[in-house]
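For what it's worth, this note's numbering labels the leading residue of the sequence shown as 22, then goes sequentially.
Virtual Cβ for every residue (Gly too), placed ideally from N, Cα, C.
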Amino acid sequence: MVKLFDIIGDEFMSIYFDNSATTRPFPETVSAMVAAMEEGYYNPSALYGPAVEASRTIQKVREQFAAVLRVRPEEVIFTSGGTESNNLALMGFARHLRGKAHLLVNPSEHSSVHEVYLELQRRGHEVEFLENDESGCVTEEILKRHMRQDTAMVSVMHVNNESGAVNDIETLARTAKTINPNCMFHSDGVQAFLKVPAVDLKHIDAYTISGHKFHGPRGSGVCYVKKDSFIQQILFGGSQEGHMRPGTENGPAIIGMGAALAQYLKHHEEYISRILAVKHRLYGNLSRLGGTRLNGPMIDASAPQILSVGFMGANAETMVNALAERGIYCGTGSACSSRAVGKNRTLNAMKVPAQFMAGTLRFSFSYENTLEEADIVSAALGEILTRLRRFRRR
């Protein structure tokens, strides 16, 4: 393994292993957005030529996403990101509910889903939390144990943002619809889109995407809303996005997200291959440090870009800070909840032992990462762990 550190001038080399929190925009993303802001800045709802052209450009991006998702273009709703998309799907369907409804949710959902269900519970609905198996997945058997003929809504994320566990949402949605054809099945696809094989959305009513997770801009997202799904708008004041998301469209963000999609698709096989190679190299190195635990499925069964590892005898926040001092950036879990106090819901649902839970780091990769970086990170962690474990034994 490489010994610390590579020096560039007077500064340490920076290594970014937190790509599930956000990704660096492609140069193509930035160029497309600059052009849209400088030349295509017109309001797409206006009637004159340049505005009509801006509207057509947005429609082309809509058709891009529809083709990848294999859905109708009119079912693709542009939003500001994953959080808004999840709220639109869930709160939009909740407007349709009458009386006290039975709702099912995966316990390890992102906070933008989990907290919506808590709000619906406060409003009087019966919210029941599913279990995860030890790999972090909701199985068909688990869903069948909880699903009822009057279950109105089910949420199971496609890929877990902390463990990388991949749920078989196609089978789960079909099972849910078999028990109650009228239930709404929602899946958060933010960490899955372009990273794992696309699924048939035939039985899925809502699927959500965030642009900045695949080198698009922040403030861009997609909510697939199946036609006739009873999902209603939650914002009012305009007819944009088929009345589902009123307000002047963020053309530059949408166009930048479309450019990122095109770039990722163009190099998809190469990018995933690079990501997997780095993931395997890092885990191989870390597993030799001793006192480590892979959280989630076996390494080849999880999403390619996410690696969750628990380290015995260490504190995650301490390790993150020690790595950051060396110009190495990784996470302890979801960036949206990393500062929250309390137990980690995802690790708790997987029954990760306490001695590993406290020392869990999430590494997440992009096409920009290298094998050399994996070696540098594992060498740094080896040194940090040696110090921390020696200190704890005193």
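At the level of alpha carbons, what is the spacing between residue i and residue j?
i, j, result
"Leu409", "Gly272", "49 angstroms"
"Ile36", "Phe386", "10 angstroms"
"Asn336", "Ser308", "17 angstroms"
"Thr172", "Arg119", "13 angstroms"
"Asn181", "His301", "19 angstroms"
"Asn5", "Val246", "Because the chain in this structure spans residues 22 to 415, residue 5 falls outside the shown range and cannot be described."
"Asn153", "Leu256", "34 angstroms"
"Val411", "Glu155", "The amino acid at residue 411 is misidentified as Val; the sequence shows Arg. Going by the C-alpha atoms only, they are around 31 angstroms apart."
"Ile98", "Asn108", "13 angstroms"
"Asn201", "Arg169", "7 angstroms"
"Tyr292", "Glu389", "9 angstroms"
"Arg44", "Gly232", "First, the amino acid is wrong: residue 44 is Thr here, not Arg. If you take the alpha carbons of Thr44 and Gly232, they lie about 9 angstroms apart."
"Thr196", "Ser176", "13 angstroms"
"Phe384", "Thr353", "8 angstroms"
"Pro48", "Ala280", "9 angstroms"
"Ser101", "Gly311", "43 angstroms"
"Ser106", "Glu136", "14 angstroms"
"Met174", "Val217", "25 angstroms"
"Ile230", "Ser241", "9 angstroms"
"Thr313", "Gln85", "42 angstroms"
"His146", "Pro374", "33 angstroms"
"Ala87", "Ser66", "21 angstroms"
"Ser129", "Val148", "14 angstroms"
"Cys204", "Lys364", "31 angstroms"
"Ile391", "Ser41", "Ile is not the amino acid found at residue 391; the sequence shown has Thr there. Straight-line Cα distance between these residues: approximately 16 angstroms."
"Gln326", "Val299", "9 angstroms"
Per DSSP, which one or two residues make a beta bridge with residue i?
i, result
"Thr391", "None; Thr391 has no bridge partner."
"Gly172", "Residue identity differs from the one stated: residue 172 is Thr in this sequence, not Gly. Answer is His123."
"Tyr37", "Tyr350"
"Arg426", "The requested residue 426 does not occur in the structure, where the chain is confined to residues 22 to 415."
"Ile98", "Cys244"
"Val187", "Val180"
For residue i, which of helix, strand or coil comes out of DSSP?
i, result
"Tyr62", "coil"
"Leu344", "helix"
"Glu338", "helix"
"Ala227", "strand"
"Pro91", "Note that residue 91 corresponds to Arg in the displayed sequence, not to Pro. Note: Arg91 maps to coil in three-state DSSP."
"Thr199", "helix"
"Asp418", "Nothing can be reported for residue 418, as the shown portion of the chain is limited to 22 through 415."
"Leu315", "strand"
"Gly403", "helix"
"Val148", "strand"
"Val220", "coil"
"Asn108", "helix"
"Met371", "coil"
"Gly305", "helix"
"Gly268", "coil"
"Ala361", "Any answer about Ala361 is weak, because its pLDDT of 48 lies below 50 and its placement is not dependable; what the coordinates show is given next. Looking at Ala361 - three-state DSSP - the assignment turns out to be coil, as it is neither helix nor strand."
"Glu417", "Nothing in the structure corresponds to residue 417, since the chain is present only between 22 and 415."
"Pro434", "Since the first residue shown for the chain is 22 and the last is 415, residue 434 is missing from the structure and cannot be characterised."
"Glu416", "No answer is possible for residue 416: the residues shown for the chain start at 22 and end at 415."
"Pro71", "helix"
"Asp396", "helix"
"Arg411", "helix"
"Thr160", "coil"
"Ser76", "helix"
"Gln293", "For the sequence presented, residue 293 should be read as Ile rather than Gln. Helix at Ile293."
"Gln284", "helix"
"Gly258", "coil"
"Gln253", "coil"
"Ala42", "coil"
"Leu139", "helix"
Nearest to residue i by alpha carbon, out of the options?
i, options, result
"Val159", "Ala379, Gln142, Thr192", "Thr192"
"Phe267", "Gly279, Ala274, Met278, Gln254", "Correcting the residue type first, residue 267 is Pro in the shown sequence and not Phe. Cα-wise, what sits closest to Pro267 is Gln254."
"Val187", "Ala213, Glu95, Cys204", "Ala213"
"Lys198", "His179, Glu161, Ser329, Glu394", "Glu161"
"Gly210", "Ala324, Cys351, Tyr62, His117", "Ala324"
"His131", "Gly185, Leu406, Asp396", "Gly185"
"Phe38", "Ser399, Thr407, Ile405", "Ser399"
"Met319", "Asn64, Ala194, Val148, Gly157", "Gly157"
"Ala75", "Val92, Arg91, Ala57, Phe86", "Ala57"
"Val92", "Lys223, Arg295, Thr391", "Lys223"
"Gln284", "Ser41, Met34, Ser52", "Ser52"
"Thr381", "Gly348, Ile349, Asn316", "Asn316"
"Arg366", "Val55, Val126, Met112", "Val126"
"Glu270", "Gly61, Lys234, Cys204, Ser250", "Gly61"
"Gly113", "Ala42, Ala401, Gly334, Asp249", "Asp249"
"His117", "His123, Phe251, Pro71", "Phe251"
"Glu12", "Phe377, Leu344, Met378, Leu368", "No statement about residue 12 is possible, as the shown extent of the chain runs from 22 to 415 and does not include it."
"Lys287", "Tyr69, Ala194, Val89, Ala115", "Val89"
So, does the CB of residue i fall closer than 8 angstroms to a CB anywhere in chain D?
i, result
"Thr78", "No chain D is present in this structure, which holds just one protein chain."
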